[in-house]
Ligand code: COA
Ligand code: AMP
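In the UniProt record's numbering, the protein residues as written are 1 to 629.
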């Protein structure tokens with residue numbers, strides 16, 4: 001591990017010089033004189049005296065440097081049958097004008113703007129326009145229901161909400177406006193204004209006095225320009241909500257300067273991309289992978305990126321990704337293992353891939369969930385390029401562990417996303433905080449400080465930040481992942497240690513689902529576990545105990561519970577199975593034995609817990625599962 005090993009060691013031993021040098025890749029209004037101030041914030045702050053603007057770094061500086069005519073963004077939407085490209089200059093002008101629209105609506109530095117939109121260029125324009133003004137965007141994934149949106153509106157307290165009339169899923173149109181109306185009605189905080197993009201697929205009626213038509217405001221702002229506001233490197237660029245162990249999402253705060261530096265470094269060293277090349281990240285702007293590698297990173301380094309509104313399969317077929325790669329000359333593709341599994345299921349022989357010229361593709365990157373070795377091997381054989389796993393969290397904003405192929409391509413060990421990235425001092429600790437021997441399973445933690453780009457805190461919740469991440473293992477950030485480090489320093493992520501499950505690359509809280517199910521009037525108690533699923537990785541399954549005296553048919557109640565979770569959390573939860581049992585297996589102190597339930601559901605070997613109150617309850621779980629199969 002020559003180049004990588006030296007670099008990683010230097011990033012930890014000489015943090016100041018390493019990150020100040022990396023900061024040279026960014027255009028600063030005032031360059032930082034120090035990389036890190038250990039005295040600020042919960043564990044220190046990065047680039048404490050730097051002054052910067054994210055939109056300037058994504059757009060204006062490339063126009064100023066002569067890239068104005070290069071394509072910045074290619075929108076490719078098989079679900080609507082449309083395609084559109086923007087040059088750097090064109091996108092800068094679009095953003096500059098839309099920032100004027102936001103300014104007219106009263107949006108200023110530090111104000112929040114919630115963006116509840118599908119994968120359309122206007123969503124990105126809205127995000128860059130916020131960044132231009134120093135306002136803080138908070139994108140909410142379209143697959144969340146009104147109640148989830150309401151929680152985020154209440155927490156972020158946005159001045160303005162940007163939305164669209166609909167999202168387009170392969171089998172249906174999702175009307176966003178009624179969901180937004182319900183969310184605003186349910187929330188205590190009321191935004192001053194809503195700007196709605198009408199889509200021809202399904203138009204919405206505007207609410208007088210509150211809603212504005214996007215196109216009309218934009219047309220009126222034609223030709224107007226807005227300057228990029230200087231912001232402190234430590235000022236938030238965005239808030240992105242992610243699942244915690246309860247139904248209250250965590251507002252991950254991303255600061256500006258550290259994030260830009262980390263993205264610029266990773267785009268070249270981890271993803272091996274050069275300015276002018278094309279990057280296709282097939283995530284969604286509602287997730288962290290989308291924020292980092294659809295919205296910001298490719299433009300930060302002067303590359304071209306694809307914004308894809310579609311699915312890996314069914315829009316129209318399992319060749320969709322390969323068509324995009326070939327048509328737009330993509331150099332690197334980034335997706336989730338679940339997408340590969342979906343493609344492989346429909347086209348195991350890779351006949352679709354054979355139809356396209358994929359000669360410009362240099363690598364395929366996977367993240368979001370554990371990359372299963374069969375999918376990696378299948379894709380390697382199919383594409384003949386390296387398939388590179390990388391592991392990170394919403395909280396970190398960029399990979400914790402990866403194979404830095406732009407720097408030095410390390411041998412792949414299937415099952416491991418490879419090695420820690422600069423600034424990440426990854427350790428594995430036993431439950432009592434001792435360093436676990438190499439190769440031994442334990443808690444994956446990161447010795448503080450976290451590197452630039454990672455969250456400094458949670459929005460309006462410093463105490464929750466400390467208790468959720470810093471107090472479990474003092475001096476360390478707790479990832480809530482279990483795993484190990486082998487003799488060669490490769491990190492293996494095996495499972496979450498909390499109630500988070502990963503469904504089709506989407507992070508969901510079983511605790512949040514249990515809260516919803518428990519609100520059903522006939523339910524006495526419940527437990528939700530993530531059951532292994534060949535396509536989605538995990539699939540949530542609920543076991544429910546009905547209240548005494550309920551004499552309705554369990555099947556009816558189970559159907560209502562499935563509908564309730566979809567209605568309150570959203571279709572993205574993919575909650576399709578509720579099973580009625582007489583009792584839940586518990587310890588003598590009353591703790592539900594979720595781990596054992598999950599093992600039984602997965603058909604794994606399991607041991608009778610010594611503390612179980614009544615072993616017969618486990619048989620009931622097995623019977624309920626068998627009856628459903
Ligand atoms: N707006 C509204 N609804 C949405 C949505 C959005 N943006 N995204 C998904 N949904 C809905 C879907 O329509 C579906 O609804 P349904 O129950 O009515 O069918 C539900 O949420 C579940 O969606 P999804 O998880 O996409 O499942 P799927 O069965 O439609 O597709 C895959 C399966 C594997 C193709 C798909 O999950 C996928 O592409 N996953 C990759 C995810 C990814 O890239 N994650 C980022 C991590 S890096
Ligand atoms: P999210 O915040 O949605 O990105 O989810 C983060 C969690 O997803 C991590 O804590 C891991 O549990 C899991 N995860 C993400 N990428 C990987 C990967 N490459 N390998 C294993 N687990 C992963």
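For every residue, glycine included, the Cβ atom is placed at its ideal position computed from N, Cα and C.
Extent of the continuous alpha helix (DSSP H) run through residue i
i: residue 476; result: That residue, residue 476, is in no alpha helix (DSSP H); its beta strand (DSSP E) goes 476–485.
i: residue 316; result: Unbroken run through residue 316: none, as it is neither H nor E.
i: residue 324; result: 320–327
i: residue 267; result: 256–269
i: residue 17; result: 15–22
i: residue 128; result: 121–133
i: residue 77; result: Residue 77 -> not in any alpha helix (DSSP H); beta strand (DSSP E) instead, spanning 71–77.
DSSP bridge partner residues for residue i (one or two, in chain order)
i: residue 103; result: For residue 103, which the question treats as bridged, DSSP gives no partner whatsoever.
i: residue 443; result: 429, 482
i: residue 230; result: Looking at the DSSP assignment, residue 230 forms no beta bridge with any residue, so it has no partner.
i: residue 251; result: 241
i: residue 612; result: 587
i: residue 502; result: 507
i: residue 51; result: 30, 232
i: residue 115; result: 139, 162
i: residue 402; result: 419
i: residue 61; result: Residue 61 is not bridged to any residue.
Pair within 8 Å by beta-carbon distance, residue i and residue j
i: residue 263; j: residue 24; result: no
i: residue 175; j: residue 112; result: no
i: residue 153; j: residue 137; result: no
i: residue 294; j: residue 305; result: yes
i: residue 283; j: residue 290; result: yes
i: residue 68; j: residue 99; result: no
i: residue 420; j: residue 491; result: yes
i: residue 590; j: residue 144; result: no
i: residue 525; j: residue 582; result: no
i: residue 55; j: residue 131; result: yes
i: residue 613; j: residue 588; result: yes
i: residue 313; j: residue 303; result: no
i: residue 140; j: residue 149; result: yes
i: residue 390; j: residue 422; result: no
i: residue 466; j: residue 38; result: no
i: residue 164; j: residue 117; result: yes
i: residue 443; j: residue 473; result: yes
i: residue 51; j: residue 36; result: no
i: residue 512; j: residue 350; result: no
i: residue 378; j: residue 344; result: yes
i: residue 439; j: residue 484; result: yes
Terminal residues of the beta strand (DSSP E) in which residue i lies
i: residue 334; result: 330–335
i: residue 542; result: 537–546
i: residue 137; result: 136–139
i: residue 84; result: 82–87
i: residue 596; result: Run containing residue 596: none in the beta strand (DSSP E); it sits in the alpha helix (DSSP H), 594–602.
i: residue 166; result: 166–169
i: residue 236; result: 236–242
i: residue 388; result: 387–389
i: residue 305; result: 304–308
i: residue 173; result: 172–175
i: residue 525; result: 523–533
i: residue 578; result: 577–580
i: residue 363; result: 363–366
i: residue 193; result: 193–197
i: residue 569; result: Neither: residue 569 is in no beta strand (DSSP E) and is coded neither H nor E.
i: residue 278; result: 278–281
Chain B within 8 Å of residue i, Cβ atoms only
i: residue 538; result: Looking at the structure shown, chain B is missing, and only one protein chain is on hand.
(request) Report yes or no: do the stretch 447–457 and the stretch 40–51 share at least 3 C-beta pairs separated by less than 8 Å? (result) Flag = yes, the stretch 447–457 and the stretch 40–51 touch.
(request) Decide if the stretch 394–409 is in contact with the stretch 257–277; the criterion is three or more beta carbon pairs, one per stretch, under 8 Å apart. (result) Counting Cβ pairs under 8 Å, three or more are found: they touch.
(message) Check whether the stretch 323–336 and the stretch 351–368 are in contact - that is, three or more C-beta pairs closer than 8 Å.
(response) As far as the Cβ criterion goes, the stretch 323–336 touches the stretch 351–368, which means the pair count is three or higher.
(message) Under 8 Å: do the stretch 523–541 and the stretch 569–577 share three or more Cβ pairs, one atom per stretch?
(response) Between the stretch 523–541 and the stretch 569–577, the count of C-beta pairs closer than 8 Å reaches three or more; the two stretches touch.
(request) Mind the definition here: the stretch 238–254 touches the stretch 71–90 only if three or more C-beta pairs lie below 8 Å; say whether that holds. (result) Touching, no, given that fewer than three Cβ pairs across the two stretches are closer than 8 Å.
(request) Take every Cβ of the stretch 223–234, pair it with every Cβ of the stretch 429–447, and state whether three or more of those distances are shorter than 8 Å. (result) With fewer than three CB-CB distances shorter than 8 Å, the stretch 223–234 does not count as touching the stretch 429–447.
(request) Would you be able to state if there are at least three C-beta pairs under 8 Å between the stretch 7–25 and the stretch 215–229? (result) The answer is no - the stretch 7–25 does not touch the stretch 215–229, with fewer than three Cβ pairs under 8 Å.
(message) Under 8 Å, with one C-beta from each stretch per pair, do the stretch 548–555 and the stretch 119–127 reach the 3-pair mark?
(response) In short, these stretches do not touch, since the Cβ pair count stays below three.
(request) Evaluate the contact criterion for the stretch 504–520 versus the stretch 474–486: three or more CB pairs, one atom per stretch, below 8 Å. (result) Contact between the stretch 504–520 and the stretch 474–486 is absent, because fewer than three Cβ pairs lie under 8 Å.
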